[in-house]
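Heads up, the thing below is written out as structure tokens.
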Amino acid sequence: MSRRKRIYEGKVKVLYEGPEPGTLVQYFKDDATAFNARKRGVITGKGVLNNRISEYLMTRLGEIGVPTHFIRRLNMREQLVREVEIIPLEVVVRNVAAGTFAERFGLAEGTALPRSIIEYYYKNDELTSPMVSEEHITAFGWATPQDLDEIMSLALRINDFLSGLFLGVGIRLVDLKIEFGRLWNGDDMRIVLADEITPDSCRLWDIKTNEKLDKDRFRRDLGKVAEAYQEVARRLGIMPEAGPADLKGPTVMQ
Ligand code: 5GP
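Residue numbers for the sequence shown follow our numbering, beginning at 742 and rising by one.
This is the structure in structure tokens:
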């Protein structure tokens with residue numbers, strides 16, 4: 742395998758230069774972090790599953806006209822994506838109270854919200870990604886009011902579509918974190934869904950039992966973490982055919 746230029750290494754993914762200008766290769770690691778990387782671990786096979794799950798969800802979203810950075814999956818752990826200018830916001834959409842939201846408002850986890858609620862966090866590890874308002878976002882120039890209108894409408898569409906998709910396989914989409922980027926074509930700019938949509942970035946609960954099928958199993962030491970990710974892949978019908986043996990995936994030369 743040829744040596745590729747590493748553009749960026751994050752906590753759970755690596756970005757390499759892509760084969761053509763304007764493309765990147767997104768590599769999914771098995772590493773897991775929580776609480777702003779104060780808790781670290783490895784979930785064997787997670788990268789392979791997340792690559793597949795994000796491919797599946799971004800493809801379905803693309804089919805209903807949501808613009809995404811995803812081009813195609815390359816192998817077990819890598820996908821080809823468009824290079825975008827990342828907007829430094831974590832956009833969280835919540836349907837049910839959980840996590841920091843439940844804590845902040847003194848609500849029991851599992852309380853249904855009157856409507857889907859969007860929150861913005863400034864993507865900055867050193868500052869542990871503080872929650873910000875539209876005022877902060879526009880005043881600091883992270884996004885314009887027009888960008889924010891587009892981000893909000895895309896976020897709600899993504900949340901509605903994925904809520905239905907997961908409901909169809911017996912899973913409640915409690916909340917999700919998404920990121921967006923600017924895709925330039927000459928002077929034209931489009932805002933597109935970027936990063937990933939996986940059990941690392943969503944809360945997914947079994948509809949009948951409320952069993953957690955997401956990264957909270959790792960955050961809260963609930964055990965059976967890899968099994969939960971496999972269950973999500975299985976219900977979506979995308980479990981790698983060869984089963985656990987092929988979850989190791991190829992070794993990438995760096
Ligand atoms: P909370 O604010 O309740 O911790 O998280 C809300 C939602 O956003 C959850 O689905 C959680 O997984 C996701 N989320 C929040 N921060 C991060 C982050 O830094 N990385 C990832 N992957 N997801 C996050």
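Using N, Cα and C, we set each Cβ at its ideal position, and we do this for glycine too.
Which residue marks the beginning of the alpha helix (DSSP H) containing residue i, and which one marks its end?
i           : result
residue 901 : 886-908
residue 791 : 787-804
residue 975 : 966-977
residue 878 : 875-880
residue 843 : 840-846
residue 961 : That residue, residue 961, is in no alpha helix (DSSP H); it is neither H nor E in DSSP.
Is the CB-CB distance between residue i and residue j below 8 Å?
i            : j           : result
residue 1032 : residue 783 : Nothing about residue 1032 can be reported from this structure: the residues present for the chain run from 742 to 995 only.
residue 962  : residue 954 : no
residue 786  : residue 967 : yes
residue 819  : residue 922 : no
residue 763  : residue 823 : yes
residue 944  : residue 839 : yes
residue 805  : residue 834 : no
residue 895  : residue 807 : yes
residue 866  : residue 791 : no
residue 797  : residue 912 : no
residue 876  : residue 889 : no
residue 766  : residue 781 : no
Which residue or residues does DSSP assign as beta-bridge partners of residue i?
i           : result
residue 935 : 920
residue 926 : 929
residue 914 : 945
residue 823 : 764
residue 754 : 769
residue 872 : 862
residue 782 : 773
residue 818 : DSSP output for residue 818 lists no bridge partner at all.
residue 745 : DSSP, once it has assigned bridges, lists no residue as partnering residue 745.
residue 956 : For residue 956, which the question treats as bridged, DSSP gives no partner whatsoever.
residue 853 : 837
Whose CA, out of the options, lies closest to the CA of residue i?
i           : options               : result
residue 832 : 866, 862 and 818      : 862
residue 789 : 807, 812, 816 and 800 : 816
residue 930 : 891, 957, 937 and 871 : 891
residue 872 : 952, 919 and 830      : 830
residue 754 : 745, 771 and 761      : 771
residue 793 : 937, 957 and 951      : 937
residue 919 : 795, 970, 972 and 926 : 795
residue 855 : 836, 949, 847 and 844 : 836
residue 882 : 828, 758 and 970      : 828
residue 939 : 956, 925 and 778      : 956
residue 899 : 916, 885, 868 and 911 : 916
residue 903 : 780, 765, 759 and 801 : 801
residue 869 : 779, 744, 979 and 971 : 779
residue 949 : 781, 851 and 846      : 851
residue 932 : 906, 910 and 886      : 886
In the DSSP assignment, the beta strand (DSSP E) including residue i goes from what residue to what residue?
i           : result
residue 769 : 764-769
residue 811 : 811-814
residue 833 : 830-837
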